[in-house]
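Input: a single structure, listed below in C-alpha cells.
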Amino acid sequence: MNTKFEIIDENTVTVTEEGSHYILIDKVNGSWRAKAYFNGGATVVSKGVHTSFTSAYGNLKDVVKPAANHLSYVEL
Numbered sequence: 002m003n004t005k006f007e008i009i010d011e012n013t014v015t016v017t018e019e020g021s022h023y024i025l026i027d028k029v030n031g032s033w034r035a036k037a038y039f040n041g042g043a044t045v046v047s048k049g050v051h052t053s054f055t056s057a058y059g060n061l062k063d064v065v066k067p068a069a070n071h072l073s074y075v076e077l
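For the sequence shown, the numbering used here begins at 2 and goes up steadily by one.
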C-alpha cells in the first residue's frame, strides 16, 4: 500500500492512499476531525470529533475501504 502524508499546517494533514481516495484530517476547536474523499471529490465518509490525530485517522481508515469499494461497485 502506498500511503502519503502531506502536512498543510500544524492543524491540517492530508493522507493519500493508493490514489483512489484521500483523507483530510484537521483540527478544529482543539479536536481532530477526518473526512475521506473518493476520486472526483465526493465525500466517502466523515468521522466526528477525536482527541488525537491517530484516533481520527484510525477510526476513519476502518470504514474508508468498504465505502470506496461500494462507490466503485455502484459506478460500474
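C-beta: ideal position from N, C-alpha, C; glycine also. Please read all numbers here as calculations on a predicted model, not as lab measurements.
Inter-residue spacing [alpha-carbon to alpha-carbon] between residue i and residue j
i: Ile9; j: Gly31; result: 17 Å
i: Glu85; j: Asp27; result: Not covered by the structure: residue 85. The range shown for the chain is 2 to 77.
i: Ala57; j: Lys5; result: 16 Å
i: Tyr38; j: Val29; result: 19 Å
i: Lys36; j: Asn60; result: 11 Å
i: Ser53; j: Glu7; result: 17 Å
i: Thr13; j: Arg34; result: 10 Å
Beta carbon of residue i nearer than 8 Å to that of residue j
i: Thr83; j: Leu25; result: Nothing can be reported for residue 83: it is not among the residues displayed for the chain, which extend from 2 to 77.
Sheet register partners of residue i (DSSP bridge)
i: Thr15; result: Glu7, Leu25
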